[in-house]
Amino acid sequence: RVGLALHTFIHTKYPRARLYVVGFAYYARQLKPESIPTLSPYEFEYGTNLQHALIIARQLLGRGGGGNKEIVVITDGEPTAHIDNGQVEFAYPPTLRTVQSTLREVGRCTPEGIVINTFMLERSRYLSELVDLMSRINRGRAFYVEPEHLGEYVLVDYVNKRRRKVA
Numbered sequence: 044r045v046g047l048a049l050h051t052f053i054h055t056k057y058p059r060a061r062l063y064v065v066g067f068a069y070y071a072r073q074l075k076p077e078s079i080p081t082l083s084p085y086e087f088e089y090g091t092n093l094q095h096a097l098i099i100a101r102q103l104l105g106r107g108g109g110g111n112k113e114i115v116v117i118t119d120g121e122p123t124a125h126i127d128n129g130q131v132e133f134a135y136p137p138t139l140r141t142v143q144s145t146l147r148e149v150g151r152c153t154p155e156g157i158v159i160n161t162f163m164l165e166r167s168r169y170l171s172e173l174v175d176l177m178s179r180i181n182r183g184r185a186f187y188v189e190p191e192h193l194g195e196y197v198l199v200d201y202v203n204k205r206r207r208k209v210a
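Just so you know, the sequence shown maps onto residues 44 to 210 in the working numbering.
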């Protein structure tokens, strides 16, 4: 619902802005915004491959011209998968290699001017520490929200940033 609302909002209010949607579980893939209403959580395999999602998002943002480059991560889980030599490696609990691979990709986004803002739907000490570390590396922000209020936070954050940059 949040992805669809954000797509509709951006398309109508900021028609020159681009929104790419990347879904991720065991692996990540780009999704067409118009396919969002028909998505089912059962289409995805287990796992949270945030590293692969960041790779794809960084590549998509690299294709575009100037402007604001932002990755909005919405997740309820810890990174439990990563790509290594072209293959997905899954482990629960997360391995140090998965966490390091994810953080390395966060670090690759930073010099490219891509800000990562993370909306966490789960609260645990481990996840909070990881998301806070991502925010420190990238200078992005972390939001800890209840799923039923996610849309409000994402849309308000987007509008507030647009106003600050346009004004």
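Each residue gets a CB set at the ideal place from its N, CA and C atoms; glycine is no exception.
Nothing here was measured: the structure is a model prediction, and the numbers come from that model.
heavy atom of the ligand COA below 6 Å from residue i C-beta
i, result
"Gly156", "With respect to the ligand COA, the structure offers nothing, as it holds no ligand at all."
Given residue i as reference, the closest of the options once Cα atoms are compared
i, options, result
"Ile157", "Glu121, Ile126, Pro122 and Arg106", "Arg106"
"Tyr69", "Thr161, Ala124 and Arg61", "Ala124"
"Arg147", "Leu93, Pro80, Leu47 and Ile53", "Leu93"
"Leu176", "Pro154, Phe52, His50 and Gln143", "Gln143"
"Leu74", "Ile53, Leu103 and Pro58", "Leu103"
"Ile98", "Val64, Leu47 and Ala48", "Val64"
"Asn88", "Gly66, Ala100 and Glu77", "Per the sequence presented here, residue 88 reads as Glu, with Asn not at that position. Nearest C-alpha to Glu88: Gly66."
"Arg72", "Leu173, Val174, Val188 and Ile126", "Ile126"
"Glu155", "Lys56, Glu77, Ala100 and Arg184", "Ala100"
"Glu77", "Lys56, Leu49, Ala60 and Asp119", "Leu49"
Residue environment, residue i, which counts as buried when at least 16 other CB atoms sit within 10 Å
i, result
"His95", "buried"
"Pro80", "exposed"
"Asn128", "exposed"
"Gly110", "exposed"
"Gly150", "exposed"
"Leu91", "The sequence as given places Thr at residue 91; Leu does not occur at that position. Looking at its Cβ environment, which holds 16 or more other Cβ atoms inside 10 Å, Thr91 is buried."
"Thr145", "buried"
"Arg207", "In this prediction, Arg207 scores a pLDDT of 43, lower than 50, which makes its location untrustworthy; no coordinate-derived value is stated."
"Tyr201", "Only weak support exists for where Tyr201 lies, its pLDDT of 49 falling under 50; the value from the coordinates is given anyway. Buried, since its Cβ has 16 or more Cβ neighbours within 10 Å."
"Ala210", "Residue placement at Ala210 is flagged as unreliable, the pLDDT there being 30, under the threshold of 50; the coordinate-derived value follows with that caveat. Answer is exposed; the Cβ neighbour count stays below 16."
Contact check, residue i vs residue j, beta carbons under 7 Å
i, j, result
"Val115", "Asn160", "yes"
"Glu121", "Leu82", "no"
"Thr153", "Asn181", "yes"
"Thr53", "Leu62", "Going by the sequence as given, residue 53 is Ile instead of Thr. Yes."
"Phe186", "Ile117", "no"
Paired residues, beta bridge with residue i - DSSP
i, result
"Asn160", "Val115"
"Gln73", "Val65"
"Ile126", "Val131"
"Phe52", "DSSP lists no partner for Phe52."
"Tyr187", "Met163"
| field | At least 3 beta-carbon pairs within less than 8 Å: the stretch 155–166 vs the stretch 135–144 | value | no
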